[in-house]
Amino acid sequence: MEIKESTALVTGANRGIGYVFARALIARGAATVYAGVRDPASVSGEDLTPLRLDVTVPEEVAAAAGDATIVINNVGVGGFTTKLLTGSFDGARQAVEINYFGTWAVSRACAPVLGTKGLSAADHRLVPAAARRSAGSVLGTSSARSQRRRIHER
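Residue 267 in my numbering sits at position 114 of the sequence shown, and the numbers go up by one each step.
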């Protein structure tokens, strides 16, 4: 996978590992790095291009696919307030919508776009970007923070 002069989309690029991925792409010569986030004002660094992206909004996901040759699908939330035995399921539902269906939606939207850049239909799956030797790549990540769950009562 060639990073130099590439166009990348990094979801969840305003902090944590998403921000680290975005900075690494810039450092390695990516021409454009879109930072896909719910709040574009939260993106720091003038060399990143903020892109409003709520992965639970199909129109925003479709628009984000754009012209990316690299997609790092990093979006995720954690720390919801639903406890194992008490509380509303609203926080858990939101986490599933974002962490599961949201990453799936981004992958589904970007795969055909990457396909026009040299990937065959068989290559439309999430794989580590470092293992790729093709024109476009999707890297699916899941931050440790989004995986933590509070399962005990206080």
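Glycine included, each C-beta is placed from N, C-alpha and C at the ideal position.
Quick one: using the 10 Å Cβ neighbour count with 16 as the cut-off for buried, is SER159 buried or exposed?
-> buried
Alpha carbon of ALA330 to alpha carbon of SER260, nearest angstrom | The structure shown does not extend to residue 330, since the chain spans only 154 to 307, so no value can be given for it.
Go through the stretch 194 to 249 residue by residue and report every complete run of the beta strand (DSSP E) that reaches 3 residues or more, in order.
-> Fully enclosed beta strand (DSSP E) runs of 3 or longer: 202 to 205, 223 to 226.
What is the C-beta distance between VAL228 and THR256, in whole angstroms, given that I count them as a contact (C-beta under 8 Å)?
-> 6 Å
What distance in whole Å lies between the Cβ atoms of GLY165 and VAL196, which are believed to be in contact at a cut-off of 8 Å?
-> The Cβ separation is near 11 Å, so there is no contact.
For THR185, does the three-state DSSP call read helix, strand or coil?
-> strand
Looking at the structure shown, is ALA166 part of a helix, part of a strand, or coil, going by DSSP?
-> coil
Residue(s) in a DSSP beta bridge with ALA161 = Per DSSP, VAL186, ILE223.
Residue from ILE156, ASP192, PHE254 with nearest C-alpha to ARG176 | ILE156
Where ALA161 and VAL208 are concerned, what is the direct C-alpha to C-alpha distance, given to the nearest angstrom?
-> Taking the straight line joining both Cα atoms gives about 17 Å.
Note the first and the last residue of the continuous alpha helix (DSSP H) segment covering GLY268.
-> 256 to 268
Assign ARG176 to one of three DSSP states: helix, strand, or coil.
-> helix
Helix, strand or coil at THR156 according to DSSP, with G and I counted as helix = According to the sequence shown, residue 156 is Ile rather than Thr. Coil at ILE156, not helix or strand.
State yes or no: is the C-beta of VAL266 within less than 8 Å of the C-beta of ALA218?
-> yes
State the CB to CB distance for the pair ILE225 and VAL163, rounded to an integer number of angstroms; the pair is presumed to be in contact (CB under 8 Å).
-> 4 Å
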